[in-house]
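A short write-up of the structure that comes next.
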Amino acid sequence: MILKLFREKFVLISFIFFSSLLSGLVLIGICSSFSLMLSERGVNVSTITNILLATIPYSWKFAISPFIKNLILKYDNTKKDIIKIISYVSQFVLFVGFSSLGLFEKSGSLFSAGMIILLIVFAVSIHDIIRAHIKLVLFESKDFGFISAVENTGFRFGMFIAGACIIYIANSKGWFGAFIAVGLSVVFATLATLFMKREYLKADVLQDDQIRSLKIYALICFDFFKKYGLFVLVCVILSFKMTDSCISVLKPMFMHYLGISRLAFANISHLFGIFSMIVSGIAAGVILYKIGIEKCIKLTFLMQMLASLIFMYFSAFKSDILTITILVNISTFIFGFSSVIFRTFVAQESKRDVNMYTILLSIGSLIRIGSYTFAGAIVDNYS
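Okay, structure coming up:
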């Protein structure tokens, strides 16, 4: 079944994979590698986490998606391939912005860095919406687990490139050269976009349901959350995101504090981590087919508790490099597994509507941004 799907929709799956790679590239490139660069520059933790508030467009996807969907519907029957146009523009902005982050290695306005990050995240958020639209419209619900695993794998490869590869290149060529070299990864998404055929983007489930005012959109959102329960959804998303966000963003700074070198961190968290993340994504896809989403969510929350205990252990006891490597990669496996389950959960709850899908992802992003900003303040004020 999966092989048949792969053969029939190879180009679309490739686009989803490389689009997800860009998402991982931006997230880790900014929240890990860029943060580590600023730490080496001597910038304190709370200032770094405040700069990372510029990633706030991740939580604006719910506001951006109606405009993107309206554009897709508006140009659906015209000669303009609006999906490709939006994708190309987003990829160009992403490349230029990401490549310039290395300029702040030793000096430069941190405010300017924040503005560049804002632009990068805005571009990748739009690209994410395009990917979500293709996923929800052109694949059946039963395939969401597999497509989420593809997204997870692409995302994790992007994390590896933006984590380990940037650090390896920075160690020999400097941060500026590293960010430019890694920024060139955008070309893979551009090629995948180029080979998408226009007829692939036609689907019976795509209806002319443009949102023509903010009032209508607000009413649609109100009805959706009334039906599914806002409080329950927020609690579930909070449980998915809180542990992952705090650990993932503070990890490079925490490892630096523990005396782990730049290269050792790259090897532990990203080189070995890429295998943990890929295996976890595949495992999540298989287990979803076996036991269903509800049991997977319960399993995920138990695993999140284990990840929290691991980093509490690091805080309390001095560990050797082997122990750190093993335990960090156990937590990496957990977060990779959790990511696939979360995206499958959101895809199913959204009922194929990209606007609802992005609303739920936006709540997750808002929780993530708020949690690591709060955590950064705790670090500077306590330990």
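Under our numbering, the sequence shown has 282 at position 282, and the numbering climbs by one with no breaks.
Glycine included, C-beta positions come from ideal geometry on N, C-alpha and C.
None of the values given here were measured: they were computed from a predicted structure.
Taking 8 Å as the cut-off, the Cβ atoms of valine 249 and tyrosine 372 count as close. With a cut-off of 8 Å on Cβ pairs, the segment 67–87 is not in contact with the segment 168–177, counting fewer than three such pairs. Its chain contains Phe179, Ile180 and Gly183 as the residues whose beta carbon lies nearer than 6 Å to that of serine 99, once the 5 sequence neighbours on both sides are disregarded; these appear in chain order.
Per DSSP, the unbroken alpha helix (DSSP H) holding valine 26 starts and ends at 10–28.
If you look at alanine 123, you'll find it in the alpha helix (DSSP H) that goes 110–138. Around isoleucine 278, the same chain offers Thr153 and Arg156 as residues with beta carbons nearer than 7 Å, after the five sequence neighbours per side are excluded.
Shown here for leucine 22: same chain residues with a beta carbon closer than 7 Å to its own, the five before and five after excluded, namely Leu94, Val124, His127, Gly158, Val186 and Ala189 in chain order.
In the structure shown, isoleucine 260 falls within a coil segment according to DSSP collapsed to helix, strand and coil. When secondary structure is reduced to three states using DSSP, tyrosine 75 falls in the coil class, being assigned neither helix nor strand.
Per DSSP, the continuous alpha helix (DSSP H) segment holding alanine 170 begins and ends at 166–173.
A direct Cα-Cα distance of roughly 12 Å separates glutamate 40 from methionine 255. Put simply, of Thr325, Glu294, Gly281 and Ile330 the residue whose alpha carbon is nearest the alpha carbon of methionine 305 is Ile330. Straight through space, the alpha carbons of phenylalanine 176 and methionine 242 are spaced by roughly 32 Å. For the 8 Å CB-CB criterion, valine 26 and isoleucine 120 form a contact. Contact between the segment 131–149 and the segment 341–348 is present: 3 or more CB-CB pairs across the two stretches fall below 8 Å. The C-alpha of asparagine 70 is placed about 20 Å away from the C-alpha of phenylalanine 139.
For glutamate 151, the uninterrupted alpha helix (DSSP H) run begins and ends at 144–160, by DSSP.
Our two residues, leucine 52 and cysteine 31, have alpha carbons roughly 7 Å apart in a direct line. Counted as a single uninterrupted DSSP element, the alpha helix (DSSP H) harbouring glycine 273 occupies residues 272–291. In the structure shown, asparagine 44 adopts coil according to DSSP, grouped into three states.
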